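>
Residue numbers (our numbering): 137 to 295.
1) Count Cβ pairs between the stretch 204 to 212 and the stretch 243 to 263 that sit closer than 8 Å; are there 3 or more?
2) Bridge partners of residue 264, per DSSP?
3) Grab me the residues of residue 232's own chain with a C-beta within less than 8 Å of its C-beta, minus the 5 sequence neighbours each way, in chain order.
4) Sort 205, 191 and 213 by Cα distance to residue 183 and report the nearest one.
5) Between the Cα of residue 337 and the Cα atoms of 284, 156 and 178, which residue gives the shortest distance?
6) For the beta strand (DSSP E) holding residue 222, just list the boundary residues, first then last.
7) Please state if the CB of residue 277 and the CB of residue 290 are separated by a distance shorter than 8 Å.
8) Tell me, which residues are paired with residue 248 by DSSP?
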């Protein structure tokens, strides 16, 4: 017959398990948050590039100009036909911790938004979009004016 003292855990064993668990949570939570921030930043960069490529593709395939509209105040991008009206709800929002700066041709700006125009020939008005997040290196998405090619540059490259 077993004695009662041999069943279960001692108070010391439970306390050691709780200390180990709290250490794992204390170390793991900040790492998980940093991972989430990094993933959000990468997703913002991908969204800008994808929206630019989509606008270029639609311009070439439709035979009419398309714009990549950039909202620098409430960070977001919107590929839209050159003649369509901008609806705020249609923007691809990038998150509040993201900052956008755009250098584009002033003649294609729309209301309070910067814009890069893509033409049916595949060319564009050109420009660049800088994507910033605190603690992360700046990423610049360049749109070539001659070929309309969309490329990405990491770090603070020349404007």
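In this text, a Cβ means the ideal position worked out from N, Cα and C, and glycines have one as well.
Keep in mind it's a predicted model, so treat the numbers as computed, not measured.
According to the data block:
1) Three or more pairs of CB atoms, one per stretch, sit closer than 8 Å, so the stretch 204 to 212 contacts the stretch 243 to 263.
2) According to DSSP, residue 264 bridges with 239 and 278.
3) Non-local beta-carbon contacts of residue 232 in its own chain, meaning distances under 8 Å to residues more than five positions away in sequence, involve 211 in chain order.
4) Here the closest residue by C-alpha is 213.
5) Residue 337 falls outside the range modelled here, since the chain spans only 137 to 295, and no answer is possible.
6) Under the DSSP assignment, residue 222 falls outside any beta strand (DSSP E); it carries neither an H nor an E label.
7) Against a cut-off of 8 Å, the Cβ pair of residue 277 and residue 290 comes out as no contact.
8) According to DSSP, which records beta bridges pairwise, residue 248 is partnered with nothing at all.
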